[in-house]
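> Once you know that position 31 of the sequence shown is 31 in UniProt numbering, the rest is easy, because the numbers rise by one and skip nothing. Just so you know, even glycine gets a beta-carbon here, dropped at the ideal spot from N, CA and C. Got a structure for you, questions after.
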Amino acid sequence: MRSESENQNEPINPEVQALKEMGQIRIPEPSESIYCLTVVGQIEGHQVLSAQTKATKYEHVIPQLFAVEQNPKVEGILLILNTAGGDVEAGLAISELVSSLSKPSVSIVLGGGHSIGIPIAVSCDRSFIAPTGTMTLHPIRYTGLVINGHQQFDYLQKMQERINSFIIQHSRITEEQLKKLMFATGELAQDIGTILIGQDAVDIGLIDAVGGLKEAYGELKRLIGSKRES
1 MRSESENQNE PINPEVQALK EMGQIRIPEP SESIYCLTVV GQIEGHQVLS AQTKATKYEH
61 VIPQLFAVEQ NPKVEGILLI LNTAGGDVEA GLAISELVSS LSKPSVSIVL GGGHSIGIPI
121 AVSCDRSFIA PTGTMTLHPI RYTGLVINGH QQFDYLQKMQ ERINSFIIQH SRITEEQLKK
181 LMFATGELAQ DIGTILIGQD AVDIGLIDAV GGLKEAYGEL KRLIGSKRES
């Protein structure tokens, strides 16, 4: 039987290390022209979530996006989402970085792209949603101790305006439509907001098209081809 010290000295498999640290099987090889980035579970920001919660850590996503931008052999990024939302500022940070990439980007919502996952979904050059994919539009929710009610309300209002502004700038939905869906009553039990399924998200201009991996990958290849020719 091996001792504990011997086990600690064994070299760590790079793929196992990448899975533990980045939530991915492996990081992109230099020969790859398309990088696939996944945003799954809760989006973790300044507060660490419990070990039982599936989470995407924004401090892990940021260096991946930087690596994509600086690697000349990576020509585009495919962003796959299945997230319930999470930290608002972390989600906006990821959205801003994706939208500022100089390389083509395509997103696809599988399962769900809820709450702050919506700005991330629309941050790409083109966006897709699976026919059964869902997106929940709702105002910012706050849980915890409120010390100064008026100041807290002003802060949440400004944060909501930042989110709305980003969504409107990166999709075809109007401000009037967005607010109407966010503050709708009746669809969510004991809450306000709207659930959009597949084609519904396309019809209101939030997402560009309904499609799966084949369609998203094909569109990304087309965008990459157009960039090569320009």
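Scan the stretch 33-89 and note each continuous alpha helix (DSSP H) run of 4 residues or more that stays entirely inside, going in chain order.
Fully enclosed alpha helix (DSSP H) runs of 4 or longer: 58-70.
> Which class does Phe183 belong to by DSSP, given the choice of helix, strand or coil?
Coil at Phe183, not helix or strand.
> Run through DSSP, which three-state label would Ser230 get?
Three-state DSSP puts Ser230 in coil, outside helix and strand.
> Quick test of the definition: if touching needs 3 or more C-beta pairs under 8 Å, does the stretch 109-120 touch the stretch 65-81?
Cβ pair count under 8 Å is three or more, so yes.
> By Cβ distance, which residues of its chain are closer than 6 Å to Ser127, with the 5 residues on each side in sequence left out?
Result list for Ser127: Ser107, Ala121, Ile207 and Asp208, in chain order.
> Quick check: the Cα distance between Gln177 and Thr53, rounded to an integer number of angstroms?
Taking the straight line from one Cα to the other gives about 33 Å.
> When the Cα of His170 is compared with those of Leu92, Val68 and Arg222, which residue comes out closest?
That would be Leu92, whose Cα lies nearest to the Cα of His170.
> Checking 8 Å against the spacing of the C-beta atoms, do Pro104 and Leu220 come in under that value?
Against a cut-off of 8 Å, the Cβ pair of Leu220 and Pro104 comes out as a contact.
> Only counting the same chain, and skipping five residues up and downstream in sequence, which positions put a Cβ closer than 7 Å to that of Gly205?
Only Ser171, Arg172 and Ile173 meet the Cβ criterion.
> Please classify Gln70 as buried or exposed, where buried requires at least 16 neighbouring CB atoms within 10 angstroms.
It counts as exposed.
> Any heavy atom of the ligand COA within a distance shorter than 7 Å of the CB on Ile197?
Among the components of this structure there are no ligands whatsoever, and the ligand COA is therefore not found.
> With DSSP run on the structure shown, which of helix, strand or coil describes Gly117?
Gly117: helix per DSSP, three-state reduction.
> DSSP three-state call for Ala209: helix, strand or coil?
In this structure, Ala209 counts as strand in the three-state DSSP scheme.
> Taking the alpha-carbon positions, what's the Glu96 to Ser102 distance?
Roughly 12 Å between the two C-alpha positions.
> Would you mind stating whether Val98 and Met159 have Cβ atoms separated by less than 8 Å?
Contact flag unset, no.
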